[in-house]
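**Student:** Before I ask anything, let me first share the structure, which is written out below as structure tokens.
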Amino acid sequence: MDEVTDVTTTSGEKVLPEHGSGEDPGERSGTPSPTPAGREARREPFVAVLYLLPALVVFGVFIFWPLVKSILLSVQGTDILGNPSGFVGLVNYTRLFSDPDFLQVLWVTFAFTILTVIPSIAIALLIALLLQSRIKGVRFFRTAFALPFAFSVATASVIFGVLFNPASGVLNGILNTFGIDKVQWLTNPDLALWSVSGATVWMQIGYNLLVLSAGLGALPEDVLEAARLDGASGLRLQRSIVMPLLTPQLFFLVVVGTIHSLQSFGQIKILTVGGPEDRTTTLVYSIYEQAFANNNSNYGYASAQAMVLLVIVLIITALQFGVLERRVFYR
Amino acid sequence: MTSVTTKEPVATPGKAAPKKARPGRRPSNIGTYLILGVLFLIVLFPVYYGLVGSLMGERDTNSFPPALYPENGVHPENYSKALDIIPLGDQYLTSVLQTLGITLGQMITSALAAYAFVFLNLRWRGFWFAVFLSTMMIPFESIIIPNYLLISQWGLKDTIAGLTLPFLATGFGTFLLRQSFLSFPMELRDAARVDGAGHVRFLFSILLPLSRPSLAALGIWSALSAWNMYFWPLLATEAPENQTIQIGISQLQSSDSDSPGMVLAGVMLALFPTLLLVIFGQRFIVRGLTTGAVK
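This is how it looks when you write it as structure tokens:
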């Protein structure tokens, strides 16, 4: 660093091994190429940061600074115009956990997550396993079942809104043929969360199916063949060989699916607007309601809720890393 | 196969297994078709109804029980009606510009960052790596309030800049391209350097053209998520003509629930580009799946 004049290969060699033994053995910047002059090698650390800069600026302005600001907002009150009204300490947080409305929000969020993650993985798993069988038309089915993946929250929710329509929706039409009375899918307080969850399960099937199909396609063929030779077939093969080999994908989907469900917003906004009786108000919808709906501008209280969301997601992510590391070790 | 039969007399329980498997093959195929068929009907019904419903008139959609196919004629005018009621043309353009901006932005920032991680002598590499990784763990919903305040303060509400700026960089894309760069043959890189290609030239005229599959994967993922975005465009835009198509169709639903055919026509228009991407870009989508490990 200090000997600027020394522009020989020795300085270059000095830099290189230092790199090869860096904390990231996967990286290969320190390639043993003697050609570039030492001067360039010295300049490189500075140049390298320049390449990171565009991304870092975006992250800084739109992720890290907002993160700091979210924390700051969450310890301040808010006046009617939405301006911070001074430091209030943890008041927003203590208020949150003594607010029965917020406790219901947490419960609804939890229920919604369970009702969406598990069924969407189970259904996708069933389809993925069936698509593994060597039958005609598999390619057609594969493409067809991936179609829900193309739907956005908005497009899917609008279609489900039409299907759920109590007066003329297809779902009630189907029930009608079985002689069952019209059901208020989205306005019955005991049913609304189930309906929204059902629509969400549908939205997540496509992604889950892609992940599981990719996992199944990459199963070690020799292990499967050996199991078949030993006489394992059908359900036995699925249960004892395929499922254990698929645990990494299933675990991944539980984690990603949970985080995804925690972030759900559009289907609730479009289908139920959080109602009836706030029975479909999840954490993210509650943030929206406090901060943005009806010009509430309750940024302090909403930010405290946003921090609760952040902490939950970080805990799940940490859990994922812990378990994944153990799994990698195990292999 | 033959080896199994020769072993049969030795292992007594083995005898039962192949016997069971052979006659079981046909019925299990029928069973597979049956279960697949039922699942197919359930899972694809919303897709079917979205498409067919978009062509149905009010006599079909508003009767009870509702028609499952256009019993009273096909009504393609649903599409022109949808285009009339909301400024769908403007909204389409907004969505296209937003998607292009985010996709191109993410490709450029990710390629540059991934290049630094793989090919450059980057100081504090571990630290920067952690910084990029951490961006993938922070849910945007938890920092959406300050982002909204920022964009409003800068007067960028109702602009393409406001819709795109927060998403111009991604940890996901950086790691996706990094993975691909790591498998780049070093001899080729050295040869390029001997020939006098600097970093910029090497990156843009050799490395990126050779990394097309990964770039395509990143592009498709970026485009899908940008086009389908809902929460942010809902906040960042107010005037109907500045909103994205996703917001437009959801507004269409609440404003005109008497004409489901027209609402569904709007949905189909919004769906068209992503449907094409999923049908024709599936192998690129699969390529990006595992990189999303830390969403």
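Line order of the protein sequences matches chains A and B. Its first residue numbered 43, the first sequence is counted upward by one per residue in my numbering. Its first residue numbered 7, the second sequence is counted upward by one per residue in my numbering. Quick reminder that beta carbons are idealized off the backbone N, C-alpha and C, glycines included.
Measuring straight from C-alpha to C-alpha, what distance separates D66 (chain A) and V137 (chain B)?
**Tutor:** In this predicted model, D66 (chain A) has a pLDDT of only 42, less than 50, meaning its place in the structure is not dependable enough to derive any value.
**Student:** Would L288 (chain A) count as contacting chain B if we go by Cβ distances under 7 Å?
**Tutor:** no
**Student:** Mind listing, in chain order, the continuous alpha helix (DSSP H) runs of no fewer than 4 residues lying wholly within the stretch 104-134 of chain A?
**Tutor:** 107-116
**Student:** Can you find a CB in chain B that lies within less than 7 Å of the CB of F104 (chain A)?
**Tutor:** yes
**Student:** Take the Cβ of M192 (chain B) as the centre, count every other Cβ of all protein chains shown within 10 Å, and call the residue buried at 16 or more, exposed below.
**Tutor:** exposed
**Student:** Pair every Cβ in the stretch 308-328 of chain A with every Cβ in the stretch 145-153 of chain A, then say whether three or more of these pairs are closer than 8 Å.
**Tutor:** yes
**Student:** For the stretch 41-58 of chain B against the stretch 213-225 of chain B, are there 3 or more C-beta pairs whose distance is under 8 Å?
**Tutor:** no
**Student:** Which residues bound the alpha helix (DSSP H) around M192 (chain B)?
**Tutor:** 192-200
**Student:** Looking at G203 (chain A) and G342 (chain A), is the spacing between their C-beta atoms short of 7 Å?
**Tutor:** no
**Student:** Is the stretch 170-186 of chain B touching the stretch 228-245 of chain B in the sense that three or more CB pairs, one from each, lie closer than 8 Å?
**Tutor:** yes
**Student:** Would you list, in chain order, the members of the stretch 323-344 of chain A that have their beta-carbon closer than 8 Å to a beta-carbon of chain B?
**Tutor:** Taking 8 Å as the Cβ-Cβ cut-off against chain B, the residues of the stretch 323-344 of chain A that qualify are V326, I329, Y330, A333, F334, Y341, A344.
**Student:** Could you check where the alpha helix (DSSP H) with N218 (chain A) kicks off and where it finishes?
**Tutor:** 212-219 is the span of the alpha helix (DSSP H), which, as asked, contains N218 (chain A).
**Student:** By Cβ distance, which residues of its chain are closer than 8 Å to I357 (chain A), with the 5 residues on each side in sequence left out?
**Tutor:** Once the five neighbours on either side are set aside, I357 (chain A) has no close Cβ partner at all.
**Student:** Comparing the C-beta of Q226 (chain A) with each C-beta of chain B, is any distance below 7 Å?
**Tutor:** no
**Student:** When you check each C-beta in the stretch 237-269 of chain A against every C-beta of chain B, which residues fall closer than 7 Å?
**Tutor:** W244, I247, L252, V253, A256
**Student:** Using CA coordinates, which residue listed in B:L295, B:G272, B:L128 is at the minimum distance from T250 (chain B)?
**Tutor:** Taking only the C-alpha atoms, the option nearest T250 (chain B) is B:G272.
**Student:** Along the chain, where does the alpha helix (DSSP H) containing S255 (chain A) start, and where does it finish?
**Tutor:** For S255 (chain A), the uninterrupted alpha helix (DSSP H) segment begins and ends at 234-259.
**Student:** What would DSSP say about M349 (chain A), mapped onto helix, strand or coil?
**Tutor:** helix
**Student:** So for V315 (chain A), helix, strand or coil by DSSP?
**Tutor:** Coil at V315 (chain A), not helix or strand.
**Student:** Establish whether the CB of A346 (chain A) and some CB of chain B are separated by less than 7 Å.
**Tutor:** Closer than 7 Å: no.
**Student:** Out of B:N35, B:I92, B:S116, which has the shortest C-alpha to C-alpha gap to F101 (chain A)?
**Tutor:** B:S116
**Student:** Taking CB distances under 7 Å as the criterion, tell me whether P93 (chain B) reaches chain A.
**Tutor:** no
**Student:** For Q249 (chain B), which residues in chain A fall below 9 Å Cβ to Cβ?
**Tutor:** Within 9 Å Cβ-Cβ: nothing; Q249 (chain B) doesn't reach chain A, min ~11 Å.
**Student:** Could you give the DSSP three-state label for M62 (chain B): helix, strand or coil?
**Tutor:** DSSP places M62 (chain B) in strand when its eight states are reduced to three.
**Student:** If we ignore side chains and look at the alpha-carbon of each, how far apart do Q185 (chain B) and P279 (chain B) end up?
**Tutor:** 28 Å
**Student:** Less than 7 Å between CB atoms is the rule here; does R303 (chain B) satisfy it with respect to chain A?
**Tutor:** No answer is possible for residue 303 (chain B): the residues shown for chain B start at 7 and end at 301.
**Student:** Compare the C-beta of G364 (chain A) with all C-beta atoms of chain B and state if any pair is closer than 7 Å.
**Tutor:** no
**Student:** Since S112 (chain A) and I151 (chain B) are thought to touch, with beta carbons under 8 Å apart, how far apart are those beta carbons, to the nearest angstrom?
**Tutor:** 6 Å
**Student:** With a threshold of 7 Å between beta-carbons, can G203 (chain A) be considered close to chain B, or not?
**Tutor:** yes
**Student:** What does a CB cutoff of less than 6 Å around F290 (chain B) pick up in its chain, not counting 5 residues either side in sequence?
**Tutor:** Counting only residues of its own chain and dropping the five nearest sequence neighbours on each side, F290 (chain B) has a CB closer than 6 Å to the CB of A222, A223, I226.
**Student:** Give me whichever residues DSSP pairs with V80 (chain B) in a beta bridge.
**Tutor:** B:M62
**Student:** With a cut-off of 7 Å, does the C-beta of Y93 (chain A) fall near any C-beta of chain B?
**Tutor:** yes
**Student:** Who are the neighbours of S112 (chain A) on chain B, taking C-beta pairs under 7 Å?
**Tutor:** S148, I149, I151, P152
**Student:** Report all residues from its chain with a CB closer than 8 Å to the CB of H205 (chain B); omit the five preceding and five following residues, and keep chain order.
**Tutor:** Y121, F125, L126
**Student:** Would a check of beta-carbon distances place L217 (chain A) closer than 7 Å to chain B?
**Tutor:** no
**Student:** Kindly indicate which three-state DSSP category P72 (chain B) falls into: helix, strand or coil?
**Tutor:** coil
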